[in-house]
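One structure is given below, encoded as structure tokens.
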């Protein structure tokens, strides 16, 4: 049914229920009106890629309005750059789009009509924004409890935060289940948890592969799910084999028999550097009991990497291919933000991810019986 529904949208020329036509020739007519803006100017259409934003077309603005037909090879994520002052995110497919923007209002205030996929994205954003308001209120209460030293209240608020986050994920999953097969689903999964929501992500990837098999977004997402499968809890951690600063290739598997933390970091990463003193302390505390660290840097510059190792006194194994987030190891472990950690047991199986600070200390104390 999902495939038929998607095909019906793609092949219909009757419109989408709000007077905006759909097309079968791969073209999209983008029409817009911009209030509180100069009468003349330009709009830049930019494609949002995985790690980049690429300009693809420029429209002339006349009397604060524009209208341009563009070719869209496949459904994808774009944004309109309005006078370098406001950005309007769109998911373009086969439907003509009408944009009403006002430079006097804040980001996200533009109204977009005609694009079903963009409407899906706006519905996901609404779910997230509503939950973020609840989180903001909790953060203020948490700061007050922290200032008062009320640890009981702090723990209660942490639990409440986790419940809000779980409810948001459930709301998003419900939205994605009811959504026609759309690349917008890939936008929504950014708010899900790779461990707790893996079964849903796996089923979504299967559905999208069936319904939009030629989409590069779907192909990338499905490949990401396969990488997640190999690095979920209980799996033997995939091998990492990279050079250390001296050029010697070091393997993760060489540390088998120890409790090992893979630590993804970089010299340029402020949060990583701030966490390093805590990691050094825990390494020194538990190293003699069988705790090892395998540091994987996502740096680009070798000199910066080596200086950070020395300055932060990181005495454990350090490796890098100096390839940023395109690092082979980062790709294998689906690392999209740092600091990131993966904790392995003595058999090399993954037992925890992204532990830092007190959470890491508590886990190590549990493992080593303290």
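Residue numbers (my numbering): 12 to 381. Each residue gets a CB set at the ideal place from its N, CA and C atoms; glycine is no exception. All figures in this text were calculated on a predicted structure; none of them were measured in a lab.
Can you tell me whether residue 350 is buried or exposed? The criterion is at least 16 other CB atoms within 10 Å of its CB, across all chains shown. buried
Runs of 3 residues minimum, wholly inside the segment 250-333: which ones carry the beta strand (DSSP E) assignment? 252-254, 260-262, 270-276, 302-308 and 328-330
May I ask you to verify whether the segment 211-224 touches the segment 304-315, counting CB pairs closer than 8 Å and requiring at least 3? no
Count the other CB atoms, across all protein chains shown, that sit within 10 Å of the CB of residue 368; report buried if there are 16 or more and exposed otherwise. exposed
Residue 164, DSSP secondary structure in three states: helix
Are three or more beta carbon pairs between the segment 179-198 and the segment 51-62 nearer than 8 Å? no
Buried or exposed: residue 286, going by 16 or more other Cβ atoms within 10 Å of its Cβ? buried
Please classify residue 214: is it buried, with 16 or more other beta-carbons within 10 angstroms of its beta-carbon, or exposed? exposed
So which of 65, 293 and 303 has the shortest CA-CA distance to residue 376? 293
Contact between the segment 141-155 and the segment 166-182: three or more CB pairs below 8 Å? yes
State the Cα-Cα distance for the pair residue 304 and residue 371, rounded to the nearest angstrom. 13 Å
Since residue 108 and residue 125 are thought to touch, with beta carbons under 8 Å apart, how far apart are those beta carbons, to the nearest angstrom? 5 Å
At the level of alpha carbons, what is the spacing between residue 267 and residue 252? 14 Å
Work out the CA separation of residue 77 and residue 44 for me, nearest whole Å. 7 Å
Which value, in whole angstroms, describes the spacing of the CA atoms of residue 102 and residue 246? 36 Å
Taking DSSP as the reference, what is the three-state secondary structure of residue 230? helix
Return the bridge partner residues of residue 92 from the DSSP annotation. 55 and 98
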